[in-house]
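Here's the structure we're looking at; comments come further down.
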Amino acid sequence: MRIATWNVNSIRSRIDRAVGVLERHDLDVLALQETKCKDEQFPVQRFVDAGYEVAMHGLNQWNGVAVVSRVGLDDVQVGFEGMPHWGEPDPAAEARAIGATCGGVRVWSLYVPNGRELGHPHLDYKLDWLASLRDTAGGWLAADAQAQICLMGDWNVAPTDDDVWDPGFFVGKTHVSPPERAGFQGVVDAGYADVVREHTPDQFTYWDYTQLRFPKKQGMRIDFALASPALAARVTGASIDREERKGKGASDHAPVLVELD
DNA sequence: ATGGTCGGCCCCCGA
Numbered sequence: 001m002r003i004a005t006w007n008v009n010s011i012r013s014r015i016d017r018a019v020g021v022l023e024r025h026d027l028d029v030l031a032l033q034e035t036k037c038k039d040e041q042f043p044v045q046r047f048v049d050a051g052y053e054v055a056m057h058g059l060n061q062w063n064g065v066a067v068v069s070r071v072g073l074d075d076v077q078v079g080f081e082g083m084p085h086w087g088e089p090d091p092a093a094e095a096r097a098i099g100a101t102c103g104g105v106r107v108w109s110l111y112v113p114n115g116r117e118l119g120h121p122h123l124d125y126k127l128d129w130l131a132s133l134r135d136t137a138g139g140w141l142a143a144d145a146q147a148q149i150c151l152m153g154d155w156n157v158a159p160t161d162d163d164v165w166d167p168g169f170f171v172g173k174t175h176v177s178p179p180e181r182a183g184f185q186g187v188v189d190a191g192y193a194d195v196v197r198e199h200t201p202d203q204f205t206y207w208d209y210t211q212l213r214f215p216k217k218q219g220m221r222i223d224f225a226l227a228s229p230a231l232a233a234r235v236t237g238a239s240i241d242r243e244e245r246k247g248k249g250a251s252d253h254a255p256v257l258v259e260l261d
């Protein structure tokens, strides 16, 4: 089984590339973030034509998440228990998390709040969001230690200084601050392991569109697949599809892929 | 080379 996560930065503008990713990597499941469209605008048929089912949740031109699967798509759930919201009274309205059971694996597509800037209320929202995820996902493992769960998506956190091209550049910026790193670590401490890093040393997943960041290799590692112990035991490999970042019409993120036995 | 932001309720905001 092969699963992946990708911040697609608008599914409508990149549907050809998305189908290409599925087929090139022979993926069973793909978690998408920043779909940037309402559900009725989602190009579902293109995935159906390629042999996949889709569960999505997006209410506006921001955010938006989806799970694409060809190995079943059961028990779809939008948001998680206690998920904080921003602006909208309905937690589901933020469209930042969707989960489904695919081929026996509980897959979550997550789009962690960006935080905007240090001191901004949105950063508090981000930290609250990560804390709620930690508590809820930790609870799933407390209820079933053998659960096969993958929390994957755009975490908007670079957990170590090795995960940014120049730590000096990021002093005073979001994504690297101690509270954000603690928020990420909290989910790890709740029992979820990054199963990609060991297979992709010194690789980034995101390069800003500006300043020629990609050709200059000035990126960040902020997209992760965190697996429960039972699922982590099945991982046989992982990779980051840097090729997908190349050329006209690329997302600013690269797909992150995980192979399971 | 991969190339000088990009996407979307689009001239401004969020990432």
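When you number the first sequence by full-length UniProt numbering, it's gap-free, plus one each residue, and the end is 261.
Yeah, the Cβ is synthetic: ideal placement off N, Cα and C, and Gly gets one too.
Just so you know, the alpha carbons of P178 and P167 end up roughly 13 Å apart. In this structure, the beta-carbon distance from G103 to M1 falls below 9 Å. Following the DSSP letters along the chain, one finds G186 inside the alpha helix (DSSP H) bounded by residues P178 to D189.
Here K173 is exposed. Its C-beta has fewer than 16 other C-beta atoms within 10 Å.
Between the region 247-256 and the region 3-14 there are three or more inter-stretch CB-CB distances shorter than 8 Å, so the stretches are counted as touching. Straight across, the Cα-Cα distance linking K217 with W207 is about 8 Å. In this structure the region 8-23 does not lie against the region 98-115, because fewer than three pairs of beta carbons, one per stretch, are closer than 8 Å. Within the model, the alpha-carbon separation for A18 versus F80 is close to 26 Å. In the same chain as E94, and ignoring 5 residues on each side of it, the C-beta atoms closer than 7 Å to its own belong to N63, H85, W86 and E88, in chain order. Annotated three-state conformation of T236 is strand, per DSSP.
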